[in-house]
Structures are given as structure tokens and as C-alpha cells.
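Asker: The structure follows.
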Amino acid sequence: MENIVIEVHQPAGLETGQLTEPLEIVEIEEIESEAHFEKEEQEEGQKIEENEDQDTRIIDSLIEEELKQGKVKKLVIAQWLLCLVLVLSLPFSIWLPKWNKLSFSYVVIWKWNVFLLFLLSGKIIFRCMLRLVILFMEWKFSKYKRLLYYIHGTRSAVESCLWVVSMFALWNFIFSQKLKRSVRLETLFYINKVSSFLLVSSVVWIVKTIVLTYLAVRYNSHILSLRIREMEFSERMIHQIAPKGNSLKKIRNEKGAKNLAIKTVQNLSNNSSRYIYVEDLMGFMNINNARKLLNLLGCASECQKVHKLVLENWVVNIFKERKAIELTRSNSKSIVKKINWILIFVYFIITLIIFSFMFEIITSQDLVFLFWIVILAGFTFGNTCKIAFEAVIHLFVMHPFNIDDRCEIDGVEFHPKQGGAVVSHTTYIHNKYWGDEQAACGGPGDTSNKHARSG
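Using the working numbering, read the sequence shown as starting at 103 and increasing by one per residue.
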């Protein structure tokens, strides 16, 4: 018998394959870690963009409200017609020989024409100029929504100030010296005083408008931006898991929100299980959004399921939050209007003092006397001023609760129903209204100083 020798050759790639396998695993881990860091950077970038987008949406709505207030009126049309007549008559008063020689109070007619043009139609001219400037600013600085809102908010005040400045300049450089020959010096002196007073008061009015605009932006953007951002993310999640054709924006009452919650749960899982799992959510969104939704529902990071009743209650609560934000927005308009009246009152006091000094109605001794009167009035009305000042700080800086929040004082729940610049009305289980002072003291009959906390 012949000996048959069988040689078994080991494949050359086996050993190399065994050696390269750990290298492949390391490379895969590095790729996964890089992808993880890229996802985190993208999520942070998305959060920043969402914050900026939310601020721009709020400020865009405020800009739209400012534009709605500036509608064309009949008086504006009459001013345009008068401006057109004066502009057409200006060349004739300059070039025609008969009109060029005419004068009134040693001032030629064309100068009176220019004066009347700026007096009666100056605001129209500066309004057109400011609109061109605003269009350029919107084109150049479209990303800076806060700056654009300040421009829109102060447009009317700047327009009036430019008009007063133009009238003041025309009066001093064209008419003041000429009219000394025909007008009494005493009358001319008071006219100069009035024009100077109007110039100063217009500048003070601009300062008042800037302060009001800042308070409006702070209240609407800083306070509501976080709530609106969270609500919009929740609405986006509901839109993804709800049946097609059903949206939270179409719901008008709580019953409709409950029906939408039931349909949403049935759309996610039709089985008899009491829980909804991550796998059910991943049929409508990616794993990251599914985990974010579970976190919104109060589940821990390692939890992979949520009770159906929790999801139903969450959908109803999002509807209530949306309604509460709408109430807060409508209430903020009335609050800003009340703050506006307070600033107008302060403006009139300041301008009254300036007017009295410029026309020498009061002297420095009278001012000292008024100062002592203010001190005496401070003892009488100091508590009212203190409450008003604390209310403004409480509203625009601290802001512990919003409309329809659930607050608790000494174990008693109450709900803010209407907010004001000085007084906010709240209601508790018996539907009795509390003011700010009663709420701060813990209710009727309790004089201990307690602070409300938002629930």
C-alpha cells in the first residue's frame, strides 16, 4: 500500500483576520464616538438656533403689532395733499418775478412756504425718510430682531423729534433775525422759549419710549421664551405621534384635547398593554426624540416605557399650557399699557418742571420748597409708591408666576387669573379673588409675610 500524504494548508488570511479583528473593533468604536460627539454638537447647535428662533418669533409678533397701529388715516391723506400743494407752489415762489419779490414781515414768500411745508407736512416727510431707513436696516440687519423692534417701537417718537428739530432750526436760522424788525422782542422771546421747550420735551419723550420698549421686549421675550420653546417642542412631538389630520392647534376645548390624547395612545399601541414602549415611539421618530419624549413624561433615563394614562394627561396638559400662554400674552398687552400710563405721568411731571424753569415760573428757592413738600408727601403716599415700584420689579424682574399657574401658599392652592401693573387677581378653590397683598400674606386673615412660589 502506498502512503498517501494529505497536506492541509491553513488559509493565509485566517491569522491576519484574527489579528485585524480587534483593529476593526477599535476603528468602529472611534467612528461611533466621533458620530456621538457630532450628534451632541448638532443638538447644542439646534438648541441655540431654537432659542434664537423663538426670540425672533416673539419679537416678530411685537413688530407686527407695532405696524398694525400705524394704519393710514384721513388726516394723513389730508397732510399728503397739503404737502403736494406746498411743494408745487415752492418753485413758483422762487422763480416767478412777481412772487419772488413778495415778502411778509421782512421775510420773502418762499421762506414762509418752506416753513409751512415743514410745519404742516414735516412729519409726513420724516416718516417717509424713516421708512426708507427702516427698510435698509431690515435688509442689512435682518438677524438682529431686537434691534429692529427697538427701531419700530421708537419710530414715532424719533419722527416727532426730527420734526421739532427741523422747526427749531428753521426758526432760529431763517426767521429769528428777520422778525426782530416787525415783531416785539418780548413776543419773539417767548416764541424762542416755546420752541426750545418743545425740543427738550421731545428728547425726553424718546427716552420714555425707549424705556417702555425695553420693558415690553423683556416681558414678552425673556419671560415667555422658555415656556413657548418647551410648548412648541411638545407640540412637535404630539404632531409626530398623533394620527394624521389631528393637530393640537385645531383643538378649542379640553374635551377635544382628551379625545386627541385617546386617539394618540391608540395610534401608538392598539394592544391591551398598559404601557407604551420605546419601540412603539421609534415607529414615529428616532431614538433621540423618543428618549426626550420619555424625559418630558417624567421617566428616568434608563426607563424604556411609560403608562398610557401618563401620556394622555401629558397631551391634555400641553393644551392647557398653550391656553395659559395665550392668556399671558393677552394680559401682557394690558400690563404694558398700564406701565405706559405710569411713564406718561412721570414724563408730564418732568416736562412741567422743565417748563417752569425755562419760563422762570419757579426759582431755585421755590424748588427747595417743592422738595420739602415732596418729602412730606413721601411720608403720606410713600407706601403707594413703594408698592408700585415693588410691583414693577416683581413683574418684570422676579416674575414668580404666570397666568393659570398652580401656586401654593401655606398648603392652599390658588391660580393667577388676571395680572396687572400693580395688582394681580388670583382665585382659589372657592373661586374667591385675592389681591397681591392678600396673596403675599398667605390669604385673608393671615398677616404673616409669605412668598408665593410657582407650582
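Idealized CB from N, CA, C, for every residue including glycine.
Roughly how many angstroms separate the alpha carbons of residue 350 and residue 217, rounded to a whole number?
Answerer: Roughly 59 angstroms separates the two Cα atoms.
Asker: In whole angstroms, give me the CA-to-CA distance for residue 433 and residue 427.
Answerer: Taking the straight line from one Cα to the other gives about 10 angstroms.
Asker: Let me know the alpha helix (DSSP H) ranges lying completely inside the segment 402 to 489, each 4 residues or longer, listed in chain order.
Answerer: DSSP runs (the alpha helix (DSSP H)) wholly in the segment 402 to 489: 410 to 460.
Asker: Work out the CA separation of residue 256 and residue 248 for me, nearest whole Å.
Answerer: Taking the straight line joining both Cα atoms gives about 12 angstroms.
Asker: Do you know how far the Cα of residue 423 is from the Cα of residue 190?
Answerer: Their backbone Cα atoms lie some 59 angstroms apart in a straight line.
Asker: Going by DSSP, which residues form a beta bridge with residue 379?
Answerer: Bridge partners of residue 379: 407.
Asker: Beta-carbon within less than 8 angstroms of residue 178's beta-carbon, same chain only, minus the 5 sequence neighbours each way: which residues are those?
Answerer: Cβ within range, chain order: 226.
Asker: Can you round the beta-carbon distance between residue 373 and residue 362 to whole angstroms, since I take them to be within the 8 angstroms contact cut?
Answerer: So it is not a contact: roughly 20 angstroms between Cβ atoms.
Asker: So with Cβ pairs under 9 angstroms, would you call residue 356 a contact of chain D?
Answerer: The chain labelled as chain D is not found in the depicted structure, where only one protein chain is given.
Asker: On a CA-only basis, which of 229, 199, 316, 329 is nearest residue 185? Give me that one, please.
Answerer: For residue 185, the nearest C-alpha among the options comes from 229.
Asker: Does the segment 302 to 309 come into contact with the segment 448 to 468, if we say contact requires no fewer than three beta-carbon pairs (one atom in each stretch) closer than 8 angstroms?
Answerer: Short answer: they touch.
Asker: Compute the beta-carbon to beta-carbon distance between residue 301 and residue 260, rounded to the nearest angstrom, for a pair I have assumed lies under 8 angstroms.
Answerer: Contact doesn't hold; Cβ gap of about 14 angstroms is too wide.
Asker: Which residue spans inside the segment 210 to 259 form an unbroken alpha helix (DSSP H) run of at least 4?
Answerer: Segments of the alpha helix (DSSP H) lying fully in the segment 210 to 259: 211 to 242, 247 to 255.
Asker: Go through its chain and collect everything with a Cβ distance to residue 458's Cβ below 7 angstroms, but skip five positions before and after it.
Answerer: For residue 458, where only same-chain residues beyond five positions count, the Cβ hits under 7 angstroms are 464.
Asker: Under a three-way DSSP split, which group does residue 346 fall into?
Answerer: Coil at residue 346, not helix or strand.
Asker: Compare the Cα-Cα distances from residue 444 to each of 475, 344, 430, 311 and report the closest residue.
Answerer: Checking every option, the nearest Cα to that of residue 444 belongs to 311.
Asker: Assuming contact is defined by CB atoms lying nearer than 9 angstroms, are residue 77 and residue 244 in contact in what I supplied?
Answerer: In the structure as shown, the chain starts at 103 and stops at 557, and residue 77 therefore has no counterpart that could be examined.
Asker: Report the three-state DSSP secondary structure of residue 353 (helix, strand or coil).
Answerer: DSSP places residue 353 in coil when its eight states are reduced to three.
Asker: Would DSSP call residue 374 helix, strand or coil?
Answerer: Residue 374: coil per DSSP, three-state reduction.
Asker: If we call anything under 9 angstroms between Cβ atoms a contact, is residue 67 one with residue 315?
Answerer: Nothing in the structure corresponds to residue 67, since the chain is present only between 103 and 557.
Asker: Report the three-state DSSP secondary structure of residue 150 (helix, strand or coil).
Answerer: Summary for residue 150: the model assigns pLDDT 44, below 50, so the residue's position carries little reliability, and this model does not support an answer.
Asker: Using 10 angstroms around the beta-carbon of residue 262, count the other beta-carbons present and answer buried if the total reaches 16, otherwise exposed.
Answerer: Buried.
Asker: Would residue 406 and residue 398 qualify as a contact pair, given that the criterion is a beta-carbon distance under 9 angstroms?
Answerer: No, they are not a contact pair.
Asker: So what's residue 388 in DSSP terms, helix, strand or just coil?
Answerer: Of the three classes helix, strand and coil, the one that applies to residue 388 here is coil, per DSSP.
Asker: Helix, strand or coil for residue 358, going by three-state DSSP, please let me know.
Answerer: Residue 358: helix per DSSP, three-state reduction.
Asker: Can the beta-carbon of residue 367 be found closer than 9 angstroms to that of residue 413?
Answerer: Yes.
Asker: Could you tell me whether the Cβ atoms of residue 345 and residue 360 are closer together than 9 angstroms?
Answerer: Not a contact, by the Cβ cut-off of 9 angstroms.
Asker: Mapping the DSSP letters down to three states, classify residue 198 as helix, strand or coil.
Answerer: Correct three-state label for residue 198: coil.
Asker: Using a threshold of 9 angstroms, state whether the C-beta atoms of residue 387 and residue 342 are closer than that.
Answerer: Yes, they are a contact pair.
Asker: Taking the C-alpha atoms as reference points, what is the distance between residue 234 and residue 195?
Answerer: Their backbone Cα atoms lie some 29 angstroms apart in a straight line.
Asker: Could you say which of 515, 339, 356 lies nearest to residue 390 if we only look at CA atoms?
Answerer: Looking at the Cα atoms, 339 is the closest of the given residues.
Asker: Straight-line CA distance for residue 152 to residue 319?
Answerer: A caution first: residue 152 carries a pLDDT of 49, below 50, which makes its placement in the model too unreliable to give a value.
Asker: If you drop the 5 nearest sequence neighbours on each side, which residues of the same chain put their C-beta closer than 7 angstroms to that of residue 232?
Answerer: 257, 260, 261, listed in sequence order.
Asker: Below 7 angstroms CB to CB, which residues in the same chain sit around residue 561 once its five sequence neighbours on both sides are set aside?
Answerer: Any answer about residue 561 is impossible in this case: the structure gives the chain only from 103 up to 557.
Asker: Just mark residue 468 as buried or exposed, buried being the case when its beta carbon has 16 or more other beta carbons within 10 Å.
Answerer: So residue 468 counts as exposed.
Asker: Are residue 353 and residue 421 touching if we call contact CB-CB under 9 angstroms?
Answerer: Yes, the Cβ-Cβ distance between residue 353 and residue 421 is below 9 angstroms.
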